[in-house]
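Take the sequence shown: its position 135, counting from 1, is numbered 186 in the numbering used here, and each next residue is one higher.
Each residue gets a CB set at the ideal place from its N, CA and C atoms; glycine is no exception.
Structure record follows, encoded as structure tokens.
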Amino acid sequence: MTEFVGLERKILDHARQDAMFVRGTLETRSVIMVNVMSAPGSGKTELLGAVADCLRAEGERSAVVVGDCATEYDAQRLLPHCDWVRQVVTDGVCHLEARMLFPYLDEIAEAAPSYLFVENVGNMVCPVDFDLGEDIRLVLLSTTEGEDKPAKYPALFYAADLVVMTKMDLADAAGFSFTTAMGHLRKVNASVPVVLTSARTGVGIGQLLKELRVLSARRADAMHPSG
Ligand SMILES: Nc1nc2c(ncn2[C@@H]2O[C@H](COP(=O)(O)OP(=O)(O)OP(=O)(O)O)[C@@H](O)[C@H]2O)c(=O)[nH]1
Ligand SMILES: [Mg+2]
Numbered sequence: 052m053t054e055f056v057g058l059e060r061k062i063l064d065h066a067r068q069d070a071m072f073v074r075g076t077l078e079t080r081s082v083i084m085v086n087v088m089s090a091p092g093s094g095k096t097e098l099l100g101a102v103a104d105c106l107r108a109e110g111e112r113s114a115v116v117v118g119d120c121a122t123e124y125d126a127q128r129l130l131p132h133c134d135w136v137r138q139v140v141t142d143g144v145c146h147l148e149a150r151m152l153f154p155y156l157d158e159i160a161e162a163a164p165s166y167l168f169v170e171n172v173g174n175m176v177c178p179v180d181f182d183l184g185e186d187i188r189l190v191l192l193s194t195t196e197g198e199d200k201p202a203k204y205p206a207l208f209y210a211a212d213l214v215v216m217t218k219m220d221l222a223d224a225a226g227f228s229f230t231t232a233m234g235h236l237r238k239v240n241a242s243v244p245v246v247l248t249s250a251r252t253g254v255g256i257g258q259l260l261k262e263l264r265v266l267s268a269r270r271a272d273a274m275h276p277s278g
């Protein structure tokens, strides 16, 4: 048992150091990293395409690393929208880890995006335990998956810096109750900002970008309090 605990601590220490390395590297390049986490199919890729379009329209560059157990489908979908995209195929692993980003850090720096979005593997349990070196944790809840997800997966919603309710265009058809969902969310995270979006209609995408900018500025102030 003692040996197991020792080994677990060593693994976690390594993971923490890896995350610190990623964070430090991106910070020196003024790249804000957003770790995007949610259930499979809740709309991460579609949302990131819409956000990247919005950034491009405002003259800013975006980069995405997308993790999936198998296929490069999501990277192919994002290519027309983003300035730099890479797919990490995890071969069945249910989350991304900071060290998986190491091979791409030089390329990301060269691409000079204002935002690096990391679309984690679709999963509401495992990704939250792994710090990737991100500045912002973005968590999605889609109108088609049920209002109770914050209650069922509290660790994920507790860790969120920003929650996005996606597929609002389907809310009525799915019988989604915003009030019920907010009730569940507020029990696990009383203050996290919430944005309602539809990647199909474009509703809320500008607001999401605004919230990301507020969080980025707050993060920069925390890192350099005097500046
Ligand atoms: N109507 C509607 N459909 C959406 C919206 N966002 C995503 N979808 C659809 O929902 C499905 C899943 O969306 P994805 O963006 O692939 O979801 P994901 O979270 O990236 O999925 P994984 O990468 O498999 O975890 C696709 O068919 C999308 O076209 C939305 O805002 N409205
Ligand atoms: Mg996806």
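Rounded straight-line distance, which links the Cα of residue j to that of residue i
i, j, result
"Leu63", "Asp223", "43 Å"
"Val140", "Gly226", "35 Å"
"Asn240", "Asp134", "34 Å"
"Val214", "Gly118", "20 Å"
"Glu54", "Thr252", "54 Å"
"Val169", "Thr76", "15 Å"
"Tyr209", "Asn86", "14 Å"
"Phe153", "Val73", "7 Å"
"Leu167", "Cys177", "21 Å"
"Ala66", "Val136", "24 Å"
"Arg188", "Ala211", "5 Å"
"Met216", "Thr79", "32 Å"
"Ser228", "Ala160", "42 Å"
"Ser259", "Val246", "Before going further, note that residue 259 is Leu rather than Ser in the sequence given. Straight-line Cα distance between these residues: approximately 6 Å."
"Gly286", "Leu147", "Only positions 52 to 278 of the chain appear in the structure, and residue 286 is not among them; the question remains open."
"Leu58", "Asp186", "28 Å"
"Glu109", "Val190", "24 Å"
"Cys105", "Leu99", "10 Å"
"Asp157", "Gly255", "33 Å"
"Arg237", "Pro244", "10 Å"
"Ala162", "Val115", "11 Å"
"Val296", "Asn171", "With the chain covering 52 to 278 only, the question about residue 296 has no answer from this structure."
"Thr230", "Cys120", "34 Å"
"Ala103", "Ser113", "6 Å"
"Lys218", "Ser193", "6 Å"
"Leu207", "Asp182", "12 Å"
"Asp199", "Arg269", "30 Å"
Residue i - partner residues in DSSP beta bridges
i, result
"Val84", "The question names Val, yet the displayed sequence has Met at residue 84. Answer by DSSP bridge pairing, in chain order: Leu167."
"Ser89", "Paired residue(s): none; Ser89 is not in a bridge."
"Leu247", "Met216"
Coil, strand or helix - residue i by DSSP
i, result
"Asp125", "helix"
"Ala114", "strand"
"Val172", "coil"
"Val140", "strand"
"Asp157", "helix"
"Asp119", "strand"
Those runs of the alpha helix (DSSP H) which lie wholly inside the stretch 180–220 and span at least 4 residues:
For the stretch 180–220, whole alpha helix (DSSP H) runs of length 4 or above, ordered along the chain, are 200–203 and 205–210.
Contact set, ligand 2 heavy atom to C-beta under 5 Å:
Put simply, the residues with a CB less than 5 Å from any heavy atom of ligand 2 are Lys95, Thr96 and Asp125, in chain order.
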